[in-house]
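Asks: Mind having a look at this structure? Questions to follow.
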Amino acid sequence: MSSRRYHRALNRQQDMLLPLCIDDYVSQNNPVRAIDAYVDTLDLYVLGFKNTEPVIGAGQPAYDPAALLKLYLYGYLQGIRSSRKLERETTRNLEVMWLIAGLQPTYKTIADFRQGNSDALKAANRDFLLLCKELTLFGGEQVAVDGSFFNANASKAGIYTEDKLNKQLEKLSRKIADYQQALAEQDSADDRASLGSLVEDEQLPAKLEQLQTKQAEKKALLQQLKTSGDKQVSTVDPDARLLTKRGQTVSGYNVQIAVDDRHKLIVVDEVTQAGNDVHQLAPMMAKAQETLQSESLTGLADSGYFEGNQLKSCEDQNTPVYVAIPDKSKAIAAKGRLTREQFSYDPEQNAYCCPQGKLLTVSGKAHQKNGKWMTGYKSKPADCSQCPLREHCLTEKATIKQIQRWEHEDVIERHRQRMEQQPGIMKKRAALVEHPFGTLKHRAGMNHFLMRGLEKCRGEFSLMVLAYNFTRLLTILGADALRDYCVRRPGNTLKNMEYA
Numbered sequence: 001m002s003s004r005r006y007h008r009a010l011n012r013q014q015d016m017l018l019p020l021c022i023d024d025y026v027s028q029n030n031p032v033r034a035i036d037a038y039v040d041t042l043d044l045y046v047l048g049f050k051n052t053e054p055v056i057g058a059g060q061p062a063y064d065p066a067a068l069l070k071l072y073l074y075g076y077l078q079g080i081r082s083s084r085k086l087e088r089e090t091t092r093n094l095e096v097m098w099l100i101a102g103l104q105p106t107y108k109t110i111a112d113f114r115q116g117n118s119d120a121l122k123a124a125n126r127d128f129l130l131l132c133k134e135l136t137l138f139g140g141e142q143v144a145v146d147g148s149f150f151n152a153n154a155s156k157a158g159i160y161t162e163d164k165l166n167k168q169l170e171k172l173s174r175k176i177a178d179y180q181q182a183l184a185e186q187d188s189a190d191d192r193a194s195l196g197s198l199v200e201d202e203q204l205p206a207k208l209e210q211l212q213t214k215q216a217e218k219k220a221l222l223q224q225l226k227t228s229g230d231k232q233v234s235t236v237d238p239d240a241r242l243l244t245k246r247g248q249t250v251s252g253y254n255v256q257i258a259v260d261d262r263h264k265l266i267v268v269d270e271v272t273q274a275g276n277d278v279h280q281l282a283p284m285m286a287k288a289q290e291t292l293q294s295e296s297l298t299g300l301a302d303s304g305y306f307e308g309n310q311l312k313s314c315e316d317q318n319t320p321v322y323v324a325i326p327d328k329s330k331a332i333a334a335k336g337r338l339t340r341e342q343f344s345y346d347p348e349q350n351a352y353c354c355p356q357g358k359l360l361t362v363s364g365k366a367h368q369k370n371g372k373w374m375t376g377y378k379s380k381p382a383d384c385s386q387c388p389l390r391e392h393c394l395t396e397k398a399t400i401k402q403i404q405r406w407e408h409e410d411v412i413e414r415h416r417q418r419m420e421q422q423p424g425i426m427k428k429r430a431a432l433v434e435h436p437f438g439t440l441k442h443r444a445g446m447n448h449f450l451m452r453g454l455e456k457c458r459g460e461f462s463l464m465v466l467a468y469n470f471t472r473l474l475t476i477l478g479a480d481a482l483r484d485y486c487v488r489r490p491g492n493t494l495k496n497m498e499y500a
């Protein structure tokens, strides 16, 4: 029996015979071999990466963009996004040393690669989706769409609305007036001992000048808002917006994804400035249909996406959706009042029938409301005056019941029928689409952007999505199988495609 309590440690000064080949330190099933094999299938020139053309001339040679892409993909898989941290990994991490063959680019070179290749990163992400399609990993029958706010690389204090600027200008005007009055009193006062503390301040002229400079800057921002027609202006990240959800306000972007239901792979991603999701559904479904090349694609989304024109667009492009219906009727019914759903529409008579069997007929001409053509329907005063349900139907001062019908109300009605036929489908939506956002934000720590500007943030999010999908394939196939397929992959699938 051994008397040693602990495992024997090495003597750091003792000579050792270690393998001279760095390849010996990386096991054959290590995920870095899959990263290496995948990036080697890409035609980086076609994808649009910079420094891919052969150059002969003086000066220092550039770093191979393939090595930098491998470094970033490895970093994002490990939750390492900082260019300084990635630089450090190149000198101490054997996996990284193997992956980029001992190259040691500076953090600035690493950062410039991500900043200058936004479109190319989006193209690389699209290529990986094609690889997933080659491997038949998409179901192509149903996707779930969801959105989430990601923080921008800018604080809320640097984003201004017209109301915020007007309040700040009003406050600055009062301060400037006080300082100007103090200066006037300072000039006219004979007895300086009798002056107040503000008047005695020798820095008054300089402070007044600072306030006037701030005032001019705020006025310029206000003029910029009025000229552009935007509702917000940012002084740090020009494209970031103040976004509010459930009482929480962030400075950031609204990120949209569509997730295929077979393996929870992200098939569409988009970064927007929209303050809500109400106009995002149809564009996301169209892109999902294009990516999956499916003729029978359906979509799932929460109530934030419920909007008539979006539902109609989805029907028109043959991508019917299941969207949670905002439950306004429940609150109305809880007060003991009749809901709109209790008034049935009769297409033959073009009229609504109330619970008491009375008709609400067309009244007046069709009119536009919030961009939709609406037709009004009214009951007869005589029908309502003696109705036993009057107090549950009309307000205290109303004498008739009125209903507005959208010209494409049948779209809403068909959608409502689909939802009634699939009562548990929203649980599937939550399980499907909330997994990717949860993984990105909480496991990988990717809840904010490092880049500034909408297009650069789109490129950065494509890199996040590529890393997420790559991780999914490592789980689904295993590193060995993914590497072997990439080695056999017949060149780059996108050589003859545009990357616009």
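Position 357 (the sequence shown) corresponds to 357 in the UniProt record's numbering; numbering is contiguous.
All C-beta atoms in this analysis are idealised placements derived from N, C-alpha and C, irrespective of residue type, glycine included.
1. With burial defined as no fewer than 16 other Cβ atoms inside 10 Å of the residue's Cβ, what is the status of residue 415: buried or exposed?
2. Could you please give the first and the last residue of the uninterrupted beta strand (DSSP E) stretch that includes residue 150?
3. The alpha helix (DSSP H) spanning residue 135 covers which residue range?
4. Excluding the 5 residues flanking residue 280 on each side, which residues of the same chain have their C-beta closer than 6 Å to its C-beta?
5. Shortest alpha-carbon distance to residue 336 belongs to which of 371, 391 and 379?
6. In the DSSP assignment, find the unbroken beta strand (DSSP E) run with residue 286 in it and report its ends.
7. Would you list the one or two residues that DSSP bridges to residue 299?
8. Out of 471, 263 and 144, state which residue places its alpha-carbon closest to the alpha-carbon of residue 303.
9. Taking just the CA atoms, how far does residue 142 sit from residue 299?
10. Rounding to the nearest angstrom, what Cα-Cα distance links residue 466 and residue 38 in this structure?
11. Have a look at residue 377 and residue 386 and give me their C-alpha separation to the nearest angstrom.
12. Tell me which residue opens and which closes the alpha helix (DSSP H) that residue 263 is part of.
13. I need the straight-line Cα distance from residue 447 to residue 456, nearest angstrom please.
14. Say whether the region 257–269 touches the region 171–183, bearing in mind that this needs 3 or more beta-carbon pairs closer than 8 Å, one atom from each stretch.
15. Which same chain residues, not among the five before or five after residue 222, have their C-beta less than 6 Å away from its C-beta?
16. Return the CA-CA distance between residue 400 and residue 244, expressed in angstroms with no decimal places.
17. Could you have a look at residue 248 and say whether DSSP puts it in helix, strand or coil?
18. Could you tell me whether the region 18–36 touches the region 74–83, where touching means 3 or more Cβ pairs closer than 8 Å?
19. Buried or exposed: residue 157, going by 16 or more other Cβ atoms within 10 Å of its Cβ?
20. Decide yes or no for the touch test of the region 221–235 against the region 97–104: beta carbon pairs closer than 8 Å, at least 3 of them.
21. Measuring straight from C-alpha to C-alpha, what distance separates residue 483 and residue 306?
22. Taking 8 Å as the cut-off, decide whether the C-beta atoms of residue 103 and residue 91 are in contact.
23. With DSSP collapsed to three states, give me the class of residue 344.
Replies: So, to answer that:
1. buried
2. 142–151
3. Segment: none, residue 135 is in no alpha helix (DSSP H) and carries neither H nor E.
4. 256
5. 391
6. Note, residue 286: premise wrong, no beta strand (DSSP E); alpha helix (DSSP H) at 281–292.
7. 143 and 321
8. 144
9. 6 Å
10. 12 Å
11. 20 Å
12. Taken as a continuous stretch (DSSP letters only), residue 263 belongs to no alpha helix (DSSP H), as it is neither H nor E.
13. 16 Å
14. no
15. 165
16. 38 Å
17. strand
18. yes
19. exposed
20. no
21. 42 Å
22. no
23. strand
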